[in-house]
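Student:
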Amino acid sequence: QKEVEQNSGPLSVPEGAIASLNCTYSDRGSQSFFWYRQYSGKSPELIMSIYSNGDKEDGRFTAQLNKASQYVSLLIRDSQPSDSATYLCAVNGANQGGKLIFGQGTELSVKP
Amino acid sequence: DARVTQTPRHKVTEMGQEVTMRCQPILGHNTVFWYRQTMMQGLELLAYFRNRAPLDDSGMPKDRFSAEMPDATLATLKIQPSEPRDSAVYFCASGSTGLGYREQYFGPGTRLTVT
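Protein sequence lines correspond, in order, to chains A and B.
Okay, so the first sequence: first residue is 18 according to my numbering, each after it adds one.
Okay, so the second sequence: first residue is 296 according to my numbering, each after it adds one.
1. Return yes when the Cβ of residue 111 of chain A is within less than 8 Å of the Cβ of residue 48 of chain A, no when it is not.
2. Please report the residue range of the beta strand (DSSP E) in which residue 117 of chain A lies.
3. Does any residue of chain A have a CB that is nearer than 8 Å to the CB of residue 345 of chain B?
4. By the 9 Å beta-carbon criterion, what residues does the stretch 60–93 of chain A contribute toward chain B?
5. Does the beta carbon of residue 128 of chain A sit closer than 8 Å to a beta carbon anywhere in chain B?
6. Just to make sure I have the definition right: I need the residues of chain A whose C-beta is within less than 9 Å of the C-beta of residue 311 of chain B. Which are they?
7. So with Cβ pairs under 8 Å, would you call residue 101 of chain A a contact of chain C?
8. Identify every residue that forms a DSSP beta bridge with residue 331 of chain B.
9. Rounded to the nearest angstrom, what separates residue 28 of chain A and residue 347 of chain B at their Cα positions?
10. Identify the contact partners of residue 24 of chain A in chain B, using a Cβ-Cβ distance below 9 Å as the criterion.
11. Strictly below 8 Å CB to CB, what residues from chain A border residue 376 of chain B?
12. Going by C-alpha distance, which of A:99, A:88, A:120, A:71 is nearest residue 32 of chain A?
13. Could you check whether the Cβ of residue 116 of chain A sits closer than 8 Å to any Cβ belonging to chain B?
14. Inspect the CB distances between the stretch 38–56 of chain A and the stretch 377–389 of chain B and report whether three or more fall short of 8 Å.
15. In angstroms, rounded to a whole number, what distance separates the CA positions of residue 345 of chain B and residue 128 of chain A?
16. Residue 340 of chain B and residue 116 of chain A: beta carbons closer than 8 Å?
17. For residue 433 of chain B, count neighbouring C-beta atoms within 10 Å of its own C-beta (all shown protein chains included) and say buried if the count is 16 or more, exposed if not.
18. Return the chain-ordered list of same chain residues with a C-beta closer than 6 Å to the C-beta of residue 20 of chain A, the five sequence neighbours on each side being excluded.
19. Work out the CA separation of residue 333 of chain B and residue 124 of chain A for me, nearest whole Å.
20. Report the rounded CA-to-CA distance for residue 245 of chain B versus residue 336 of chain B, giving the unit in angstroms.
21. Suppose you measure from the CA of residue 320 of chain B to the CA of residue 368 of chain B; what does that come to, to the nearest Å?
22. Measure from the C-beta of residue 105 of chain A to each C-beta in chain B and report whether the shortest distance is under 8 Å.
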């Protein structure tokens, strides 16, 4: 079992729809969770961080965390073609110091 | 504008040559990470430093790779000798352990091609 798993993708949604990206992790003691966006040929860009159970909203983005289910998700409302990118889930596990474990990423395509 | 910088952005070299990649972390950040990204393996952690001390380099092939942080503003990753399988994008990221946060900010990367 991989430490951090994401939807295999690619995920295709029409412009204006809600895109839902999911991530599960294996280390129950994990404390910090992040979503990065990576455009083709570019570096990962931190877009959301979440540390406690529940929802965290930032503009069109909402991160949801459920530690009991070891599940974190990212919702993108009113998806735009400019949201088309690969989204990486990253987890800081217990006793990992500053290390992040990254998922393989989910490619999102928003169709006009 | 606080950003991680990396040089060179692109490097093409022949097998057997030495490659040195440099990274300048965001001022004030005390942790530095080196990652390698390929289509097949995704994003892999090679090594990381806290307060310039190496904490973990278990992801790095020890016989050919070395990572150092000679001062707080410079981290280096060297490959000697380079091999075609080292072709990848190498990212440096920096962060701060203050307040228990673990956010990391990535540089633009060095795209390495070994022929």
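Cβ coordinates follow ideal geometry from the N, Cα and C atoms, glycine included.
From a predicted model like this one, the values you see are computed outputs, not experimental measurements.
Tutor: Answer, in terms of the structure:
1. Yes; because the gap between Cβ atoms is below 8 Å, this pair is in contact.
2. Membership of residue 117 of chain A in any beta strand (DSSP E) is not indicated, and neither H nor E is assigned to it by DSSP.
3. Cβ-Cβ to chain A under 8 Å: yes for residue 345 of chain B.
4. Residues of the stretch 60–93 of chain A that bring their beta carbon within less than 9 Å of a beta carbon in chain B comprise 60, 61, 62, 63, 66, 68, in sequence order.
5. Chain B has no Cβ within less than 8 Å of the Cβ of residue 128 of chain A.
6. In chain order: nothing, as chain A lies at least about 28 Å away.
7. The displayed structure is made up of protein chains A and B, and chain C is not among them.
8. Answer is B:339, B:385, bridged to residue 331 of chain B.
9. In a straight line, the C-alpha of residue 28 of chain A is about 40 Å away from that of residue 347 of chain B.
10. Result: empty, since nearest Cβ-Cβ is about 14 Å, beyond 9 Å.
11. Within 8 Å Cβ-Cβ: nothing; residue 376 of chain B doesn't reach chain A, min ~27 Å.
12. Comparing Cα positions, the closest option is A:99.
13. Taking 8 Å as the CB threshold, residue 116 of chain A lines the interface with chain B.
14. No, they do not touch.
15. If you take the alpha carbons of residue 345 of chain B and residue 128 of chain A, they lie about 43 Å apart.
16. Residue 116 of chain A is positioned such that its CB atom lies closer than 8 Å to that of residue 340 of chain B.
17. Residue 433 of chain B falls outside the range modelled here, since chain B spans only 296 to 410, and no answer is possible.
18. 43, 118, listed in sequence order.
19. Approximately 15 Å between the Cα atoms of the pair.
20. Nothing can be reported for residue 245 of chain B: it is not among the residues displayed for chain B, which extend from 296 to 410.
21. If I take the Cα positions, the gap works out to 6 Å.
22. Yes - at least one Cβ of chain B is within 8 Å of the one on residue 105 of chain A.
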